[in-house]
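Visitor: Sharing a structure here in structure tokens format.
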Amino acid sequence: MGGSEQTNRRLAAILAADVVGYSRMMGSDEAGTLRALKQHREAVFDPAVARHRGRIVKLIGDGTLVEFGSVVDAVNCALDIQNAMAAQAPAKPGIVLRIGINVGDIIIDDDDIYGDGVNVAARLEPLAAPGGICVSAIVHDSVGNRIDIAFEDGGEVAVKNIANPVRVWKWRPGSEQSPNAGGKRPTDAPAEGARPRETSSPQAEQPSIAVLPFNNMSGDPEQEYFSDGITEDIITDLSKVAGLLVIARNSSFAYKGKSPDIRTVGRELGVTSVLEGSIRRAGNRVRITGQLIDARTGTHLWAERYDRDLTDIFAVQDEVTSNIVEALKVTLTPVEEARIAETPTLNPEAHDLFLRGREALLGVEKTKETFERAVRYFTRAIERDPDYAEPYAGLAHAYNHDFQNRWSGRTDSQDLSNHYARLALEKDPNLPYAHYIFALVKFWERDLAGSDEEMQKAIALNPNFAPAVGMSGVGKIYGGTPLDAIPILERALRLDPMMGHQYLHFMGSAYLVAGEYEKAVEAFSERIRLSPDTDLSRAMMIAALGHLGRVKEAQRLWRELMKINPRYSFEEHIARLPFSDPGDAERIREGVRLAGVI
812 MGGSEQTNRR LAAILAADVV GYSRMMGSDE AGTLRALKQH REAVFDPAVA RHRGRIVKLI
872 GDGTLVEFGS VVDAVNCALD IQNAMAAQAP AKPGIVLRIG INVGDIIIDD DDIYGDGVNV
932 AARLEPLAAP GGICVSAIVH DSVGNRIDIA FEDGGEVAVK NIANPVRVWK WRPGSEQSPN
992 AGGKRPTDAP AEGARPRETS SPQAEQPSIA VLPFNNMSGD PEQEYFSDGI TEDIITDLSK
1052 VAGLLVIARN SSFAYKGKSP DIRTVGRELG VTSVLEGSIR RAGNRVRITG QLIDARTGTH
1112 LWAERYDRDL TDIFAVQDEV TSNIVEALKV TLTPVEEARI AETPTLNPEA HDLFLRGREA
1172 LLGVEKTKET FERAVRYFTR AIERDPDYAE PYAGLAHAYN HDFQNRWSGR TDSQDLSNHY
1232 ARLALEKDPN LPYAHYIFAL VKFWERDLAG SDEEMQKAIA LNPNFAPAVG MSGVGKIYGG
1292 TPLDAIPILE RALRLDPMMG HQYLHFMGSA YLVAGEYEKA VEAFSERIRL SPDTDLSRAM
1352 MIAALGHLGR VKEAQRLWRE LMKINPRYSF EEHIARLPFS DPGDAERIRE GVRLAGVI
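Here the sequence shown stands for residues 812 to 1409, where the numbers follow the numbering used here.
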């Protein structure tokens, strides 16, 4: 049914290259041009791709398409190629390339790749100067200060067959744009924080939306769980649309209880549109109002009001989702239409109990009491509808939290999490939430390959599932390819900007495992600034400082950590992390020993 196509999606950096003036050169000297092109590929292009872990997807005449797992590798590869050719040019004029780079979802078909990520890269390439590079805004933001050159802002440009203008950044050899001094971020790209940076315009690779928490108009504060639950269900439905970028619940709900200017929300979350609304519930009736607003201009794109029975709640959510997708001019695939139209349960009471359980589980406060409350609600939901998959996934999630936090004192919480995740998938094999929780189970069982397989299934079913995207990056850290985690974590940060402090911890962990200790210290320092009570980031930063010989700083951090959490055990912390290579964990231990704190 199309499941295989979805399974073969992934996020990648795409480099598209083309020879400047190729037709003219072929017209004047066909044999010489082909010989020069072959020599260029053998001496410059192919070795650069190999050095930076790229995969040449196809050669089309004078054009080349290359896939990378890391956006930094893609940009460094392009710089190596263009700088090498610029150095040869005075003595040996000939092949000159234009290069375009984009990051996006791709569809894999045998050895070939397709999708908007590829299409945008191909459209960027002609915009580059001869011998230069043109990148999309998401590439520019992703590389940050990890590339020792600066790009010039090329503004927004309209490109063929792409609905929205694309913000571009350009570089060419000999450009007067100077490198970032001292490794600091350029002034237009401040470090990610608890509040995301504001940008002059939202990223334009694809339509994007934030769904603000719907206001509870029921006159009963206890109905807050219901309005929040419906909001989250709408976010989940929209997230299943691959052509739409949807901001995650954590970031959207940061505006709960506030009345922000929609244009400010658009800048802070980097989206082109915002959905807001209200819900009034009375007995078995519910009134839902929604309005879609252009985040750039503040104008209304769509508005509607629904007065329905509670039994029609899923139909209302489907209508809202379909109307938004239509207003944003996004085309749904038949598979996406079918997934959005699915009715998870015909029992409104079971759904209501699930919403109550999810609110207890995902609320700001996470304690033994909220865990027990979530378990009660999910169990009662299953009693009302034993075939309803989501409460099983909720129980799996709750027991996974209990396993990590040890609230209940049970020794079988991980086994229960595994059991309920499997039951959820038996009830609904296409439930992204269940695949995500099953991936967490496998992660803590140290089955990193199995965890990644389940995480990729969750992402294929829900391309905007930020926790799954983020955890797929975390798996790279412990699986032995830590730098591959960076672009994945950056994608998760794009989907969930308010969780920047958490992703900074994992970026720091990736650099620490990779032995890039200065970058690790930078990431952990920023995480500590944004989350001052973190003990875990302090411990990992101490390891990096130990390897750098900065013992006094490390010991000061250790004293801070002990004040924050006097019962903290570094050995217990490191032993729980599922490293596939014990040597990676041992190098972190060695850094802490060098710091002289254990």
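A virtual CB, placed ideally from N, CA and C, is assigned to each residue, including glycine. In this text the structure is predicted, and so the values were computed from the model without any measurement.
1) Using the DSSP secondary-structure output, state which residues sit across from residue 980 in a beta bridge.
2) Report the option in 895, 1130 and 915 whose CA atom is closest to the CA atom of residue 908.
3) Between the Cα of residue 1088 and the Cα atoms of 1098, 1323 and 1081, which residue gives the shortest distance?
4) Which parts of the stretch 1104 to 1131 are runs of the beta strand (DSSP E), unbroken and 3 residues or longer, counting only runs that do not cross its ends?
5) Check whether the stretch 1297 to 1316 and the stretch 1058 to 1067 are in contact - that is, three or more C-beta pairs closer than 8 angstroms.
6) For residue 914, collect the residues of the same chain with a Cβ closer than 6 angstroms to its Cβ; drop the 5 residues on either side in sequence, then sort them by chain order.
7) For residue 959, count neighbouring Cβ atoms within 10 angstroms of its own Cβ and tell me buried if that reaches 16, exposed if not.
8) Helix, strand or coil, according to DSSP, for residue 1396 in the structure here?
9) What do you get for residue 1267, buried or exposed, if any count of 16 or more other CB atoms within 10 angstroms of its CB means buried?
10) Use the C-beta contact count for residue 1222: other C-beta atoms within 10 angstroms, 16 or more gives buried, fewer gives exposed.
11) Going by CA-CA distance only, name the one from 1287, 1336 and 1071 that's closest to residue 1353.
12) For residue 1024 and residue 1067, which I take to be in contact (beta-carbon distance under 8 angstroms), what is that distance rounded to the nearest angstrom?
13) Go to residue 1336, then tell me how far its alpha helix (DSSP H) extends in each direction, as first and last residue.
14) Can you grab the Cα-Cα spacing for the pair residue 1408 / residue 1368, in whole Å?
15) Please state the DSSP three-state secondary structure of residue 896.
16) Whole angstroms is fine: what's the gap from residue 1349's alpha carbon to residue 1370's?
17) Measure from the alpha carbon of residue 1077 to the alpha carbon of each residue in 1045, 1020 and 1102, then state which is nearest.
18) Here's the rule: buried if 16 or more other CB atoms are within 10 angstroms of the residue's CB, otherwise exposed. What is residue 1044?
19) Should the stretch 1162 to 1173 be regarded as contacting the stretch 1134 to 1143, the criterion being three or more beta carbon pairs within less than 8 angstroms?
20) Tell me which residues share the same chain as residue 1042 and place their Cβ nearer than 7 angstroms to its Cβ, disregarding the 5 neighbours each side in the sequence.
21) In the DSSP assignment, the alpha helix (DSSP H) including residue 1237 goes from what residue to what residue?
22) So residue 1147 packs on residue 1052, CB below 8 angstroms; how close in whole Å?
23) Whose C-alpha, out of 1168, 1130, 1387 and 1164, is nearest the C-alpha of residue 1151?
24) Would residue 1199 and residue 1155 qualify as a contact pair, given that the criterion is a beta-carbon distance under 8 angstroms?
25) Which of the three DSSP states, helix, strand or coil, is assigned to residue 1390?
26) Tell me the DSSP bridge mates of residue 875?
27) So what's residue 1353 in DSSP terms, helix, strand or just coil?
28) Which one of 899, 1226 and 1295 has the shortest CA to CA distance from residue 885?
29) By the DSSP assignment, the beta strand (DSSP E) with residue 1089 in it spans what residues?
30) In the DSSP output, what is residue 1203 paired with across the bridge?
31) Under 8 angstroms between the Cβ atoms of residue 879 and residue 826?
32) Roughly how many angstroms separate the alpha carbons of residue 887 and residue 862, rounded to a whole number?
33) Check whether the Cβ atoms of residue 911 and residue 935 sit closer than 8 angstroms, and answer yes or no.
34) Buried or exposed: which applies to residue 981, given that a residue is buried once 16 or more other Cβ atoms fall within 10 Å of its Cβ?
35) Cα separation between residue 1406 and residue 1177?
36) For residue 1233, I'd like the list of residues in its chain whose CB is within less than 8 angstroms of its CB, leaving aside the five on either flank, ordered along the chain.
Guide: For this structure:
1) As a working mapping, residue 980 is identified with position 169 in the sequence shown. DSSP, once it has assigned bridges, lists 946 and 964 as partnering residue 980.
2) Taking the first residue of the sequence shown as 1, we reach residue 908 at position 97. Residue nearest to residue 908 within the set 895, 1130 and 915 is 895 (criterion: CA-CA distance).
3) Against the sequence shown, residue 1088 aligns to sequence position 277. The residue with the shortest Cα to Cα distance from residue 1088 is 1098.
4) Taken in chain order, the unbroken stretches of beta strand (DSSP E) that lie wholly in the stretch 1104 to 1131 and span 3 residues or more are 1111 to 1120.
5) Short answer: they touch.
6) The residue you call residue 914 lines up with position 103 of the sequence shown. Same-chain partners within the cutoff: 824, 882, 949 and 950.
7) Reading the sequence shown from its first residue, position 148 is the one you call residue 959. So residue 959 counts as exposed.
8) For the purposes of this step, residue 1396 is taken as residue 585 along the sequence shown, with counting starting at 1. In the structure shown, residue 1396 sits in a helix (DSSP, three-state: H, G or I).
9) In the sequence shown, counting from the first residue as 1, residue 1267 sits at position 456. Classification for residue 1267: buried.
10) As a working mapping, residue 1222 is identified with position 411 in the sequence shown. The Cβ neighbour count for residue 1222, taken over all protein chains shown within 10 Å, is under 16; the residue is labelled exposed.
11) The residue labelled residue 1353 in the question sits at position 542 within the sequence shown. Selected option, being the one with the closest Cα: 1336.
12) Position 213 of the sequence shown, counted from the start, is the residue given in the question as residue 1024. Position 256 of the sequence shown, counted from the start, is the residue given in the question as residue 1067. That pair is a contact at about 4 angstroms.
13) Locating residue 1336 in the sequence shown gives position 525, where the first residue counts as 1. Where residue 1336 is concerned, the enclosing alpha helix (DSSP H) stretches over 1328 to 1341.
14) In the sequence shown, the residue the question calls residue 1408 occupies position 597. In the sequence shown, the residue the question calls residue 1368 occupies position 557. One C-alpha to the other measures close to 10 angstroms.
15) Along the sequence shown, read from residue 1 onward, the residue named residue 896 stands at position 85. The answer is helix: DSSP assigns residue 896 an H, G or I state.
16) Mapped onto the sequence shown, residue 1349 falls at position 538. Mapped onto the sequence shown, residue 1370 falls at position 559. Taking the straight line from one Cα to the other gives about 10 angstroms.
17) Your numbering for residue 1077 matches position 266 in the sequence shown. Checking every option, the nearest Cα to that of residue 1077 belongs to 1020.
18) Locating residue 1044 in the sequence shown gives position 233, where the first residue counts as 1. Burial of residue 1044 is indicated by the presence of at least 16 other C-beta atoms within 10 angstroms of its C-beta.
19) Verdict: no, contact absent.
20) Within the sequence shown, numbered from 1, the residue matching residue 1042 stands at position 231. Here the set comprises 1022, 1024 and 1025.
21) As a working note, residue 1237 is residue 426 in the sequence shown. First-last of the alpha helix (DSSP H) with residue 1237: 1224 to 1238.
22) For the purposes of this step, residue 1147 is identified with residue 336 of the sequence shown, where counting begins at 1. For the purposes of this step, residue 1052 is identified with residue 241 of the sequence shown, where counting begins at 1. Yes, they are in contact, since the Cβ atoms of residue 1147 and residue 1052 sit about 6 angstroms apart, within 8 angstroms.
23) In the sequence shown, the residue the question calls residue 1151 occupies position 340. Sorting 1168, 1130, 1387 and 1164 by C-alpha distance to the C-alpha of residue 1151 places 1130 at the top.
24) In the sequence shown, the residue the question calls residue 1199 occupies position 388. In the sequence shown, the residue the question calls residue 1155 occupies position 344. Yes, the Cβ-Cβ distance between residue 1199 and residue 1155 is below 8 angstroms.
25) Stepping through the sequence shown from its first residue, residue 1390 is reached at position 579. Correct three-state label for residue 1390: coil.
26) The residue you call residue 875 lines up with position 64 of the sequence shown. Note: residue 875 sits in a beta bridge opposite 828 and 870.
27) Indexing the sequence shown from 1 puts residue 1353 at position 542. Residue 1353: helix per DSSP, three-state reduction.
28) Taking the first residue of the sequence shown as 1, we reach residue 885 at position 74. Distances from the alpha-carbon of residue 885 to those of 899, 1226 and 1295 put 1295 closest.
29) As a first step, residue 1089 is located in the sequence shown; it is residue number 278 there, counting from the start. Element bounds for residue 1089: 1084 to 1093.
30) Here residue 1203 refers to the residue found at position 392 of the sequence shown. Looking at the DSSP assignment, residue 1203 forms no beta bridge with any residue, so it has no partner.
31) Here the question's residue 879 lines up with position 68 in the sequence shown. Here the question's residue 826 lines up with position 15 in the sequence shown. In contact: residue 879 and residue 826 (Cβ atoms closer than 8 angstroms).
32) Residue mapping note: residue 887 aligns to position 76 of the sequence shown, counting from 1. Residue mapping note: residue 862 aligns to position 51 of the sequence shown, counting from 1. Residue 887 and residue 862 have their C-alpha atoms roughly 10 angstroms apart.
33) Looking up residue 911 in the sequence shown gives position 100. Looking up residue 935 in the sequence shown gives position 124. Yes.
34) Locating residue 981 in the sequence shown gives position 170, counting from the first residue. Within a 10 Å sphere around the beta-carbon of residue 981 sit 16 or more other beta-carbons, which makes this residue buried.
35) Start at 1 with the first residue of the sequence shown, and residue 1406 comes out as number 595. Start at 1 with the first residue of the sequence shown, and residue 1177 comes out as number 366. So the two alpha carbons sit approximately 34 angstroms from each other.
36) Here residue 1233 refers to the residue found at position 422 when the sequence shown is read from its first residue. Hits under 8 angstroms: 1249.
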